Each structure stands twice: as structure tokens, then as C-alpha cells.
Amino acid sequence: MKENNKRRLPKRFFIILILIISLLFIVKFLENNSTRILNLFNISSEFKVIKKDLNKNYPGTGQQKIKDKDGYFTTFTTEDKYKKTYKEYKQNGNSSWSNKEYWGGTMAENGCGITVMSIILSGYGKDYTPEKLRKMYYPVMDYEKLSKELSSTFGIENSDFYYDSNHLSNETIIEHLQSNRPIIVCVWNKPANNRWTTASHYMVLLAADENDMVYVSNPNRSRK
Numbered sequence: 000m001k002e003n004n005k006r007r008l009p010k011r012f013f014i015i016l017i018l019i020i021s022l023l024f025i026v027k028f029l030e031n032n033s034t035r036i037l038n039l040f041n042i043s044s045e046f047k048v049i050k051k052d053l054n055k056n057y058p059g060t061g062q063q064k065i066k067d068k069d070g071y072f073t074t075f076t077t078e079d080k081y082k083k084t085y086k087e088y089k090q091n092g093n094s095s096w097s098n099k100e101y102w103g104g105t106m107a108e109n110g111c112g113i114t115v116m117s118i119i120l121s122g123y124g125k126d127y128t129p130e131k132l133r134k135m136y137y138p139v140m141d142y143e144k145l146s147k148e149l150s151s152t153f154g155i156e157n158s159d160f161y162y163d164s165n166h167l168s169n170e171t172i173i174e175h176l177q178s179n180r181p182i183i184v185c186v187w188n189k190p191a192n193n194r195w196t197t198a199s200h201y202m203v204l205l206a207a208d209e210n211d212m213v214y215v216s217n218p219n220r221s222r223k
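Numbering (numbering that gives the first Met the number 0), first residue to last: 0 to 223.
As C-alpha cells, then:
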């Protein structure tokens with residue numbers, strides 16, 4: 000009987016090991032394919048609200064709707080300290096530049112980076128539409144030099160892009176925005192698809208209110 004028990008132990012060990020490996024494989028598969036599985040069963044996931052057009056708690060002027068302007072239909076004004084008013088330019092929609100050539104396609108398809116640059120420049124009192132920047136940097140701007148261009152060409156001191164967890168923490172981002180300094184962000188479809196893009200996309204964070212709500216200005220959002 001003792002001999003039989005000894006023979007069974009290795010069998011049990013291997014069975015348990017196989018079960019553990021199978022479980023880890025299933026967990027990894029679910030992590031990598033959660034979006035596909037949700038779509039397969041028609042289960043929709045809601046995104047949290049990240050912007051409110053009217054937020055009574057925000058101490059600045061906030062978003063204002065504008066009529067009859069080329070390429071933007073809202074402005075956004077920050078708090079009184081270091082107050083800035085940004086023109087929220089769009090790369091697409093009714094803008095006169097939406098179908099102009101840029102980066103092997105059109106501004107509507109590929110012009111998010113220089114449109115974000117236009118939004119930033121407008122807040123610092125510099126009149127550069129996306130079309131002006133398109134002509135300056137045609138056929139495409141080297142976005143590795145975006146930080147340098149803002150400082151050397153337009154006189155706006157800034158840091159380059161950060162990738163570390165400290166600078167990307169909620170606390171650091173909120174603190175920076177509440178000091179009335181915008182943040183350019185680039186999102187992409189890694190490790191999974193997101194609500195903004197199927198490739199990569201530039202946007203700009205303009206402000207954060209006392210409830211830590213962040214205002215995102217998205218250049219690829221045309222009038223509904």
C-alpha cells in the first residue's frame with residue numbers, strides 16, 4: 000500500500016501543476032482579449048465622464064461656445080492667476096484645413112499633433128492656426144522635436160515628454176494643471192484599444208478643478 004501511495008503522489012503533483020498552468024493561461028488570455036469577449040457577447044462598457052461643458056465648481060471661466068470661427072467652436076479660459084484663454088482648434092469638421100495634405104494623408108486623419116500645438120500657442124497669445132503650422136512643417140513635423148520647437152521657435156518654456164510613473168501619477172498631473180500649465184499627452188493603442196484612437200493621438204489637458212476633474216481638449220472631436 001505504501002508503494003502505491005508513493006506512485007500516486009507524482010501523478011497528483013503533475014495534475015495539480017497542469018491545473019495551475021492552465022489557470023494562469025486562462026487568466027492571461029482573458030486579460031489580453033477582454034475587449035473582444037465583451038464585443039462577442041454585446042456587453043458594452045461605459046466610460047467615466049472626463050469633461051463637463053459646464054462645471055459650477057470650476058473657479059475659472061471654463062468652456063465658452065463660439066460662433067462663425069474657422070476650425071473651432073469653443074474656447075476655454077482658466078483661472079485668474081496666470082489666466083489663459085485657449086482656442087480649441089479641431090483638425091477635422093468644418094475647418095478650412097481638414098482636407099489639406101499632411102503626413103501622407105489629410106489633416107483630419109493625421110493632424111492632431113500640430114492642432115494641439117495651435118491650441119497651446121493660442122493660450123499664450125500667439126496666433127498660429129493649424130493651417131499656418133501645417134505650412135510651416137509640411138509634409139510632417141518631427142514630433143520628437145515638439146518640445147524644442149515650442150521653446151526655441153515660440154518662446155514657451157516646457158519639459159519634454161515624461162514616461163516615468165512619478166510624473167504620470169494623478170497627484171503630479173493635477174498639481175501641474177492647477178498651477179495653470181497645460182500638458183500635452185499622446186495616447187496609443189497599446190496594450191489595448193482605447194476610446195481615443197486605433198493608432199496614436201495627441202491631446203492637451205488644460206485644467207483641473209477643485210474636485211480633481213481634468214479638462215481634456217481633443218482636436219479630433221468635431222461639432223455634433
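Ideal placement from N, C-alpha and C gives every residue a C-beta, glycine not left out. All of these numbers come straight from a predicted model, not from anything done at the bench.
- Item | For Y201, the three-state DSSP class (helix, strand or coil) | strand
- Reference N73; option with closest CA among A207, S121, L204, Q63: As written in the sequence, residue 73 is Thr, which differs from the Asn given in the question. Checked all of A207, S121, L204, Q63; the closest Cα to T73 is Q63.
- Message: Applying the 10 Å Cβ sphere with the 16-neighbour rule, what's the burial state of M135?
- Response: exposed
- Whole angstroms is fine: what's the gap from N188's alpha carbon to V139's? 21 Å
- Query: Taking the alpha-carbon positions, what's the S117 to L132 distance?
  - Reply: When rounded, the distance between both Cα atoms is 8 Å.
- Query: First and last residue of the alpha helix (DSSP H) that includes Y161?
  - Reply: It is not in any alpha helix (DSSP H) - Y161 carries neither H nor E in the DSSP assignment.
- For T152, three-class secondary structure by DSSP: helix
- Message: Mapping the DSSP letters down to three states, classify Y142 as helix, strand or coil.
- Response: helix
- Message: Buried or exposed, going by whether 16 or more other CB atoms sit within 10 Å of the CB of E156?
- Response: exposed
- DSSP state of K125, grouped into three classes? coil
- Query: For D69 versus S94, is the C-beta distance shorter than 8 Å?
  - Reply: yes
- Message: Going by C-alpha to C-alpha distance, which of S168, D159, Q90 sits closest to C111?
- Response: Q90
- Whole-angstrom distance between S199 and T77, CA atom to CA atom: 27 Å
- Inspect the beta-carbon positions of Y88 and P129 and report whether they are closer than 8 Å. yes
- Task: Go ahead and label P190 buried or exposed: buried means 16 or more other beta carbons lie within 10 angstroms of its beta carbon, across all protein chains shown.
- Result: exposed
- Item | Whether N165 touches T171 by CB criterion (8 Å) | In this structure, N165 sits near T171, with a CB-CB distance shorter than 8 Å.
- Task: Count the other C-beta atoms from every protein chain shown that fall within 10 angstroms of the C-beta of L167, then say buried if there are 16 or more, exposed otherwise.
- Result: exposed
- Buried or exposed (CB count within 10 angstroms, at least 16 for buried), S121: buried
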